[in-house]
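S.K.:
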Amino acid sequence: MEANTPLNPADDQFRFISDQTPLLIWASGTDKICCFFNTAWLTFTGRLIEQDYEDGWKDSVHPDDLQYCLSVYDKAFEARKEFTRTYRLKRNGGEFRHVTERATPRFRADGTFTGYAGYGIDMNELLEDAQIRRDLFAAEAWRKEQNLNEELASTNEELSAANEELTSINEELGQTQEDLASLNRELENIVAVRTKALMASEAAAQKLNKELAATNEELAAANEELVTINEELAESREELQRSEKLFRTIALNIPKSLVMVIGSNRRFMAIEGALMTKMGYDNSNYIGKHLAEADPERYQTSKHLYDRVLAGEQFTVDRKGSDDEDFRMEFVPLRNEFHEVYAALIITLDITDIKQAEEKSAKLAAIVASSDDAIVSKTLNGIVTSWNASAERMFGYSESEMIGQPILKIIPLDRQEEEPRILERLRRGERVKHFETKRISKDNKILDVSLTISPVRDNEGRIVGISKIARDISEKKRDEQRKNDFIGMVSHELKTPLTSVNILIQVLQAKLSNSNDTFVPGALNNAGKQIKKMTGMINGFLNLSSLESGKMPMVKQEFMLDELLKEAVSETELTMNDHHIRLSYTPVKVNADWDKVGSVILNLLSNAIKYSSKSSVIDVDCRITDGKARVTVKDQGIGIKAEDAKKLFDRYYRVENDHTRHISGFGIGLYLSAEIIRQHHGEIGVETEFGKGSTFYFTLPLSQS
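FYI, the UniProt record's numbering numbers position 377 of the sequence shown as 377, with every residue one higher than the one before it.
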């Protein structure tokens, strides 16, 4: 099975870019499972990203549309083709909204299919609140007008028939009058016939009057209905005005867009959006104009697109602008209740920023893919969300084996307490640089790694994830170990003859103490001091070698820190003639290694003496501060520049300037002191200003007894 290859959704730049757009963006892998949804999607559905992972997004699709969505997706997935689908998606609050979605297959540079990425647009208000309602009202008004015209035609036909009947009756009356004149001449002979004829005429007239009265009533009813229709038309015009206002508001609030509705007669029904001027529309009244009348040249070059959409095809076209901008045009046919296309919705979006973001994302992805360092991203809960090729080579786990897994999978059991401490620092917005530790590979090989870990923030500055760069420093550690072993061996070999020389000097000092030659005692005394200095240097190298090889054990015991401080000050004063140490303290009890902490104090005192002028005062203080024992050594010396102060506790680092060139040392004293204090779970640091002296300090946890 192919590995599920997400669209790097956890990458900070991609997430930042995708979260800027109001489009509903999602991504899936080669197993069809959705693995990413942007902020616009989650805001729209009101769900957490964990709820929508894999098949969780289906819960938000209208049950009647789900099978259609899956069918379109499956068909396109098998063919590796783009697809577009429109369905109803549940919005936060329970309302189902029409969403038009466009999805594109993704391929690697070698043609390997890696999944789909898609975006959706909420079409509900555009389709229903704006154009459809206006068209429905127009259609309803048209139907009512047609019905009224049919009723008026029917009434006219009835009136014509009545007129014809009246004409016929008038003709009959004329003929009757002639008959009456003839009958009058024969009145005496046809009285009975004349009376009968008159009765018949009166009955016909009464019938005609009744028919005329009925016709008048029908005309009055028709007039009332016309008044009602006119009122309804007035209401329809008001509703259309509200719909047009809503359409304008919607169009203007779609960022960098132009929204047009074109009727089946190729005339503008609506046009609005922030891109009108940029797209060549001068904001004059286009409503009712034919496309060819508005811009003949544009119409000829785009006529085939209008033909397609008005024929019922829904499609997308990407185009370049005159200033090299990128535009995306969505062509959507609008259908009436009979499924007939009566208009086309055309949405143009400026996607220049999206295109540039895609290019940046592609470049970043290439950098991540080609990096020799392992680059990993994870959630704030330590769950892996991306895993590059170097991580696969370094740790042996494939991307599919690590995505969705806790990072603890590659952390040795004895170091898993590091992870919560690191996560806590990152949640506070801190960055962890060059943190050296150990990790474990798939084949249980322990690796020395240097980690640089940074928080990932969204566009609102919230920390939403973690990025980590891991560099394999196993070979570097082995080189350092070999060097330390060599230094330890050489230092140990030097220590034996140096001890013998020191003994010989002490013997000579004893035998020549009464010598008349004043040069000899002084020379032997200076030689003793140099032997002591060399012994201190060798002990420093031996301690460094022991520390870095993990063979420098801490023998902790409870003691009074102020007593150790007094002993160190006394020892320093025995070999010091040109400085004055001023000691202040309060009784403080700690649980620590007496000798190791003593060496830290002696080192700080020695540095204070070396880097301060003769006859100056060195202040030493010991007290409880913030629930910890705190020791400070303050001198009145040359001080340290800010850029040097940051590196003072690095191994072999020495400040190089005109004031320090004559002072000997290898830059390991403060490094050893810092490591000793850290192994006691304390802190060490310096407060200094160049030219005004320095204050070195360290803290230790208090004894619990």
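Ideal Cβ placement from N, Cα and C applies to all residues, glycine included. Treat the numbers as computed from the prediction; the structure is a model and nothing was measured.
With a 10 Å radius around its C-beta and 16 neighbouring C-beta atoms as the bar for buried, classify Gly312 as buried or exposed.
M.R.: Classification of Gly312: exposed, given that the 10 Å Cβ count is below 16.
S.K.: Closest to Ile446 by CA distance: which of Ile453, Thr452 and Lys438 is it?
M.R.: That would be Lys438, whose Cα lies nearest to the Cα of Ile446.
S.K.: State the start and end residues of the unbroken beta strand (DSSP E) segment that holds Ile624.
M.R.: Ile624 -> beta strand (DSSP E) spans Val617 to Thr625.
S.K.: Going along the chain, which residues of its own chain have a beta-carbon closer than 6 Å to the beta-carbon of Thr695, five neighbours each way excluded?
M.R.: Hits under 6 Å: Thr632, Lys634 and Glu687.
S.K.: State the CB to CB distance for the pair Ile410 and Phe395, rounded to an integer number of angstroms; the pair is presumed to be in contact (CB under 8 Å).
M.R.: Yes, Ile410 and Phe395 are in contact; Cβ-Cβ is about 5 Å, under 8 Å.
S.K.: Which residues does DSSP pair with Ser28 in a beta bridge?
M.R.: Looking at the DSSP assignment, Ser28 forms a beta bridge with Cys34 and Tyr116.
S.K.: Contact between the segment 38-48 and the segment 83-99: three or more CB pairs below 8 Å?
M.R.: Yes: the two stretches touch, three or more of their Cβ pairs being nearer than 8 Å.
S.K.: Mind checking which residues open and close the beta strand (DSSP E) that includes Lys378?
M.R.: First-last of the beta strand (DSSP E) with Lys378: Ala374 to Lys378.
S.K.: Are the beta-carbon atoms belonging to Gly637 and Ser613 less than 8 Å from one another?
M.R.: Yes, the Cβ-Cβ distance between Gly637 and Ser613 is below 8 Å.
S.K.: Does the separation of the CB atoms of Val588 and Arg623 fall below 8 Å?
M.R.: In this structure, Arg623 lies closer than 8 Å to Val588 by Cβ.
S.K.: Measuring alpha carbon to alpha carbon, tell me which of Glu399, Glu95, Thr100 and Gly118 ends up nearest Arg106.
M.R.: The candidate whose alpha carbon is nearest that of Arg106 is Gly118.
S.K.: In terms of residue numbering, what span does the alpha helix (DSSP H) encompassing Asn607 cover?
M.R.: Trp594 to Lys610 is the extent of the alpha helix (DSSP H) around Asn607.
S.K.: Using CA atoms only, rank isn't needed, just tell me which of Glu430, Glu202, Glu150 and Ile440 is closest to Asp414.
M.R.: Of the listed residues, the one whose Cα sits closest to Asp414 is Ile440.
S.K.: My understanding is that Gln405 touches Val384, with C-beta atoms under 8 Å, so please give their C-beta distance in whole angstroms.
M.R.: About 5 Å separates the two Cβ atoms, so the contact holds.
S.K.: How long is the line joining the alpha carbons of Glu78 and Asn459, rounded to whole angstroms?
M.R.: Cα to Cα, Glu78 sits roughly 36 Å from Asn459.
S.K.: Taking the Cβ atom as the reference point for each residue, do Tyr53 and Cys35 lie within a distance shorter than 8 Å?
M.R.: For Tyr53 and Cys35, yes; Cβs fall inside 8 Å.
S.K.: If you draw a straight line from the alpha carbon of Gln175 to that of Ser160, how long is it in whole angstroms?
M.R.: Each residue's Cα considered, the two are about 22 Å apart.
S.K.: Is the CB-CB distance between Thr21 and Ile354 below 8 Å?
M.R.: Cβ atoms of Thr21 and Ile354: closer than 8 Å.
S.K.: Exposed or buried, which one is Ile449 when buried takes at least 16 other CB atoms within 10 Å?
M.R.: In the sequence as presented, Ile is not what sits at residue 449; that position holds Val. The residue is buried, with at least 16 neighbouring Cβ atoms inside 10 Å.
S.K.: DSSP three-state call for Gly669: helix, strand or coil?
M.R.: DSSP places Gly669 in helix when its eight states are reduced to three.
S.K.: Does the count of Cβ pairs from the segment 426-436 and the segment 460-476 closer than 8 Å reach three?
M.R.: Short answer: they touch.
S.K.: Return the residue from the list Arg267, Asp373, Leu212 and Glu419 that minimises the CA-CA distance to Glu158.
M.R.: Among Arg267, Asp373, Leu212 and Glu419, the Cα nearest to that of Glu158 belongs to Leu212.
S.K.: When burial is assigned at 16 or more other CB atoms within 10 Å of the CB, is Met554 buried or exposed?
M.R.: Burial call: exposed.
S.K.: How big is the Cα-Cα spacing for Ile453 and Arg431?
M.R.: Taking the straight line from one Cα to the other gives about 6 Å.
S.K.: Nearest by alpha-carbon distance to Ser606: which of Arg630, Val590, Phe16 and Asp578 is it?
M.R.: Out of Arg630, Val590, Phe16 and Asp578, Asp578 has the C-alpha closest to the C-alpha of Ser606.
S.K.: To the nearest angstrom, report how far apart Thr348 and Arg15 are at their CA atoms.
M.R.: When rounded, the distance between both Cα atoms is 24 Å.
S.K.: Tell me whether the beta-carbon of Phe649 lies closer than 8 Å to the beta-carbon of Ile609.
M.R.: No, Cβ-Cβ distance for Phe649 and Ile609 is not below 8 Å.
S.K.: Just how far apart, CA to CA, sit Arg582 and Phe698?
M.R.: Straight-line Cα distance between these residues: approximately 18 Å.
S.K.: Rounding to the nearest angstrom, what Cα-Cα distance links Ile640 and Leu23 in this structure?
M.R.: So the alpha carbons of these two residues sit roughly 55 Å apart.
S.K.: Establish whether the CB of Gln300 and some CB of chain B are separated by less than 8 Å.
M.R.: Chain labels in this structure do not include chain B; a single protein chain is all it has.
S.K.: Using beta-carbon positions only, say whether Ser302 and Leu275 come within less than 8 Å of one another.
M.R.: Result no, Cβ atoms of Ser302 and Leu275 do not sit closer than 8 Å.
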